[in-house]
Amino acid sequence: MIGEYARVTPAELDRALGDPEWALTLVDARREAEADECPPPALARCLDVDKAWDALGFLLRRAAFPVDIVHGEEPVPGADDWGYGPPRHLTPEQVQKAAAALAEISGDDLTAGVGPADLAAAEVYPSIVWERGEPLDYVRDYYELLRPFLCAAAEQGDGVLMWLG
Numbered sequence: 405m406i407g408e409y410a411r412v413t414p415a416e417l418d419r420a421l422g423d424p425e426w427a428l429t430l431v432d433a434r435r436e437a438e439a440d441e442c443p444p445p446a447l448a449r450c451l452d453v454d455k456a457w458d459a460l461g462f463l464l465r466r467a468a469f470p471v472d473i474v475h476g477e478e479p480v481p482g483a484d485d486w487g488y489g490p491p492r493h494l495t496p497e498q499v500q501k502a503a504a505a506l507a508e509i510s511g512d513d514l515t516a517g518v519g520p521a522d523l524a525a526a527e528v529y530p531s532i533v534w535e536r537g538e539p540l541d542y543v544r545d546y547y548e549l550l551r552p553f554l555c556a557a558a559e560q561g562d563g564v565l566m567w568l569g
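Okay, structure coming up:
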């Protein structure tokens with residue numbers, strides 16, 4: 405399971421909420437285009453956080469993060485399964501709130517005081533990684549990609565679609 409994100413303009417978000425099939429087509433086209441380009445997160449319209457999504461969620465909940473940037477705050481009404489369930493979304497206002505909070509928490513801050521044993525005990529996916537004692541560098545690296553992605557979305561007034569693929 406891979407955590408996936410797509411930035412969408414407010415107009416695209418409105419359309420996506422009424423036509424999730426259109427949204428999936430839009431997202432698939434953007435992902436395909438960016439696969440060749442590999443733009444940096446601040447310029448990308450799509451981003452994945454690989455299998456770090458559950459650890460990010462665990463760490464962000466621990467930090468009392470004000471917005472669910474891993475699973476989204478709201479479902480996309482009527483959406484079918486985009487991999488491991490239907491997509492969810494953040495409004496531009498929720499993205500703004502998330503970006504402000506992201507500016508306050510570095511990757512080092514996010515992982516401070518937490519080790520692989522903590523993630524293993526909490527049964528954070530993929531548990532095998534934490535049971536082996538792998539360091540949280542992997543999670544911190546993906547967090548440091550997600551920060552500029554969401555901050556750029558906030559600067560542009562975008563909303564965000566997210567799903568597990």
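Start counting at 1 in the sequence shown, then tack on 404, and there's your number in the numbering used here. Cβ atoms here follow ideal geometry from the backbone N, Cα and C, with glycine treated the same way. What you are looking at is a predicted structure, and each value in this text was computed from that prediction instead of being measured.
Legend entry - Contact under 8 Å by Cβ, V543 with T515: Here the question's residue 543 lines up with position 139 in the sequence shown. Here the question's residue 515 lines up with position 111 in the sequence shown. Closer than 8 Å, so yes.
Inset, instruction - Would you mind working out which of E527, I406, P539 and L568 sits nearest G489, comparing C-alpha positions? - result: One-based indexing of the sequence shown puts residue 489 at position 85. Among E527, I406, P539 and L568, the Cα nearest to that of G489 is on L568.
Legend entry - Top-ranked residue by Cα proximity to Q498, from G407, I406 and R411: By one-based count along the sequence shown, residue 498 stands at place 94. Answer by Cα proximity: R411.
Inset, instruction - Please state whether DSSP places A410 in a helix, a strand or coil. - result: The count along the sequence shown starts at 1 and reaches residue 410 at position 6. DSSP places A410 in strand when its eight states are reduced to three.
Legend entry - Three-state class that DSSP yields for G383 in the structure shown: Coverage of the chain is limited to positions 405 through 569, which leaves residue 383 absent and any answer about it impossible.
Inset, instruction - Count the other C-beta atoms from every protein chain shown that fall within 10 angstroms of the C-beta of D562, then say buried if there are 16 or more, exposed otherwise. - result: Residue 562 sits at position 158 when you count from the first residue of the sequence shown. It counts as buried.
Inset, instruction - Please report the residue range of the beta strand (DSSP E) in which D452 lies. - result: Looking up residue 452 in the sequence shown gives position 48. It spans C450 to D452 - the beta strand (DSSP E) in which D452 sits, taken as one unbroken run.
Legend entry - Buried versus exposed, by CB contacts within 10 Å (16 or more), D458: As a first step, residue 458 is located in the sequence shown; it is residue number 54 there, counting from the start. Answer is buried; the Cβ neighbour count reaches 16.
Inset, instruction - Output yes or no for whether 8 Å exceeds the beta carbon distance between G476 and M566. - result: The sequence position of residue 476 within the sequence shown is 72, counting from 1. The sequence position of residue 566 within the sequence shown is 162, counting from 1. Result yes, Cβ atoms of G476 and M566 sit closer than 8 Å.
Inset, instruction - Might you give, ordered along the chain, the residues of its own chain that have their beta carbon closer than 7 Å to the beta carbon of E538, omitting 5 neighbours on each side? - result: The residue given as residue 538 occupies position 134 in the sequence shown. Excluding residues within five positions, the ones whose Cβ falls inside 7 Å are P520.
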